[in-house]
Amino acid sequence: MKPYPPTLMDNDRYIQFTVHSDKKFKQADVWKAIYKIAKENIGLKGIADANLALIDFNETEQKGLIRTNTKSIYIVKGVTSMLAEIESTPAFIQTLRVTGTIKKSRGV
Amino acid sequence: MTDYYDLLAPDQEFAEKLGFSKIDVSKINYIEPRSGNDIKPQKNKINIIRGGDEKINQEAVRTRNVHVLLDPVNWEFGKFDTATANMAKKNNVAIGISHATFIEAKESQRVKLMLNLQRMVKVTNKIKNSIVIVSNSKGKYGMRAPLDLVGIGAFIGLTENQAKWAISEVPKSIFEVKT
Chain A
6 MKPYPPTLMD NDRYIQFTVH SDKKFKQADV WKAIYKIAKE NIGLKGIADA NLALIDFNET
66 EQKGLIRTNT KSIYIVKGVT SMLAEIESTP AFIQTLRVTG TIKKSRGV
Chain B
-1 MTDYYDLLAP DQEFAEKLGF SKIDVSKINY IEPRSGNDIK PQKNKINIIR GGDEKINQEA
59 VRTRNVHVLL DPVNWEFGKF DTATANMAKK NNVAIGISHA TFIEAKESQR VKLMLNLQRM
119 VKVTNKIKNS IVIVSNSKGK YGMRAPLDLV GIGAFIGLTE NQAKWAISEV PKSIFEVKT
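Protein chains in written order, with my numbering: chain A, 6 to 113; chain B, -1 to 177.
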């Protein structure tokens, strides 16, 4: 089977973010909160179009990486800005930078 | 590097940590009027009037020394006509959108709020009004970073550049001209 030609493939982008809160959260809790708010605001089709996924989350630094594509960067930023609580604790997500590769986002 | 400003940030120190430039909070006069008669702007201050009612909106854009009409539409009230937009343009009143209304609104209310804001943005784009995006939150955790506020613009029909302009150049021009 032939792979997709490059012109048909999505151009992935990785959004580095940090969680501000009094409490420290686990990766599963953060993804659950992001998925819930995304489903509320852009729906399942929006999530599929944005190719949304939580790639990585550092639980000690409370920093993580969201994957999306070039067309949906600002939609995803809007979605994450609407998040007001995680696990019933007041919290918010601040997006730090957008990169084209995972390697770059980790500063390697 | 672009300077970003949040006119209604509850915690200035935290706002600076998030990436906003420092502003003089004492110059800002925020009024939440119950009727048109309550709109009493102060001289030499940046007067921000919270709208959300037809009479308040019309009175705010007519009154002298009003600089920002915040939230002219909300989830209940969605009428923002070209007459109000034209008057706002004539009197140099910027139209404000607060991020807190999105967070405070429930799921069903948010749908109506987005629809009303999208319609309002269509009118403001036609008349070419200035738009300001502010956080206007009650606490520290209601605040958002500058480029996250830009993301809100994507939901209501603003382009990326328009949204960036709404948190950088428009508040800057309000500070420079009015004070």
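Note that beta-carbon positions come from the ideal geometry of N, C-alpha and C, so glycine has one too.
What whole-angstrom Cβ distance do residue i and residue j have, given they're in contact under 8 Å?
i, j, result
"Leu6 of chain B", "Asn134 of chain B", "4 Å"
"Val168 of chain B", "Glu158 of chain B", "Wrong, their Cβ atoms sit about 15 Å apart, outside the cutoff."
"Ile131 of chain B", "Ile150 of chain B", "6 Å"
"Thr73 of chain A", "Ala55 of chain A", "5 Å"
"Phe18 of chain B", "Lys138 of chain B", "Not quite, the Cβ-Cβ distance comes to about 13 Å (not below 8 Å), so this is no contact."
"Val35 of chain A", "Gly83 of chain A", "The pair is not a contact, with the Cβ atoms about 18 Å apart (cut-off 8 Å)."
"Thr100 of chain A", "Ile42 of chain A", "Incorrect: roughly 14 Å between the Cβ atoms, too far for contact."
By DSSP, does residue i sit in helix, in strand, or in coil?
i, result
"Gly69 of chain A", "strand"
"Thr34 of chain A", "According to the sequence as given, residue 34 of chain A is Asp; it is not Thr. Correct three-state label for Asp34 of chain A: helix."
"Gly151 of chain B", "helix"
"Tyr62 of chain A", "Note that residue 62 of chain A is Phe in the sequence shown here, rather than Tyr. Of the three classes helix, strand and coil, the one that applies to Phe62 of chain A here is strand, per DSSP."
"Ile39 of chain A", "helix"
"Arg142 of chain B", "coil"
"Ala98 of chain B", "helix"
"Glu90 of chain A", "strand"
"Ile47 of chain A", "coil"
"Ala7 of chain B", "coil"
"Ile93 of chain B", "strand"
Name the chain A residues whose beta carbon is nearer than 8 Å to that of residue i?
i, result
"Asp1 of chain B", "The contacting residues do not exist; Asp1 of chain B stays about 18 Å from chain A at best."
"Glu11 of chain B", "In chain order: nothing, as chain A lies at least about 14 Å away."
In terms of residue numbering, what span does the beta strand (DSSP E) encompassing residue i cover?
i, result
"Gln99 of chain A", "Thr94 to Thr104"
"Arg48 of chain B", "Ile44 to Arg48"
"Tyr3 of chain B", "Per DSSP, Tyr3 of chain B belongs to no beta strand (DSSP E) and is neither H nor E."
"Leu68 of chain B", "Val64 to Leu68"
The alpha helix (DSSP H) spanning residue i covers which residue range?
i, result
"Phe22 of chain A", "From DSSP, Phe22 of chain A is part of no alpha helix (DSSP H) but of the beta strand (DSSP E) over Asp17 to Ser26."
"Ile107 of chain A", "Ile107 to Ser110"
"Asn134 of chain B", "Asn134 of chain B -> no alpha helix (DSSP H), and no H or E assigned at all."
"Asn159 of chain B", "Glu158 to Ile165"
"Tyr79 of chain A", "Ile78 to Ser86"
"Ile29 of chain B", "Note, Ile29 of chain B: premise wrong, no alpha helix (DSSP H); beta strand (DSSP E) at Ile26 to Ile29."
"Glu105 of chain B", "Glu105 to Ile125"
"Thr82 of chain B", "Thr80 to Lys88"
Can you pull the chain A neighbours of residue i, defined as C-beta to C-beta under 7 Å?
i, result
"Phe153 of chain B", "Gly83"
"Leu16 of chain B", "Gln99"
"Leu145 of chain B", "Lys82 and Thr100"
"Ile150 of chain B", "Gly83 and Ser86"
"Glu167 of chain B", "Within 7 Å Cβ-Cβ: nothing; Glu167 of chain B doesn't reach chain A, min ~18 Å."
"Glu105 of chain B", "Glu45"
"Glu158 of chain B", "Tyr79"
What residues of chain B sit near residue i, judged by a beta carbon separation below 9 Å?
i, result
"Tyr19 of chain A", "Residues of chain B passing the Cβ test: none, with the nearest at roughly 15 Å."
"Tyr9 of chain A", "Here the premise fails: no neighbours, minimum Cβ distance about 27 Å."
Going along chain B, which residues have a C-beta under 8 Å from residue i?
i, result
"Ala89 of chain A", "Ile101, Tyr139 and Gly140"
Practice problem: Could you name the residues of the region 93 to 110 of chain A whose beta carbon sits closer than 8 Å to any beta carbon of chain C, in the order they occur along the chain? | Solution: Included in the structure are the protein chains A and B, with no chain C among them.
Quiz prompt | Contact set between the region 38 to 58 of chain A and chain B, restricted to residues whose Cβ is under 7 Å from the partner | solution = Glu45
Quiz item: Relative to chain A, which residues along the region 43 to 54 of chain B have a C-beta separation below 8 Å, given in chain order?
Solution: none
Quiz item: Relative to chain A, which residues along the region 56 to 78 of chain B have a C-beta separation below 7 Å, given in chain order?
Solution: none
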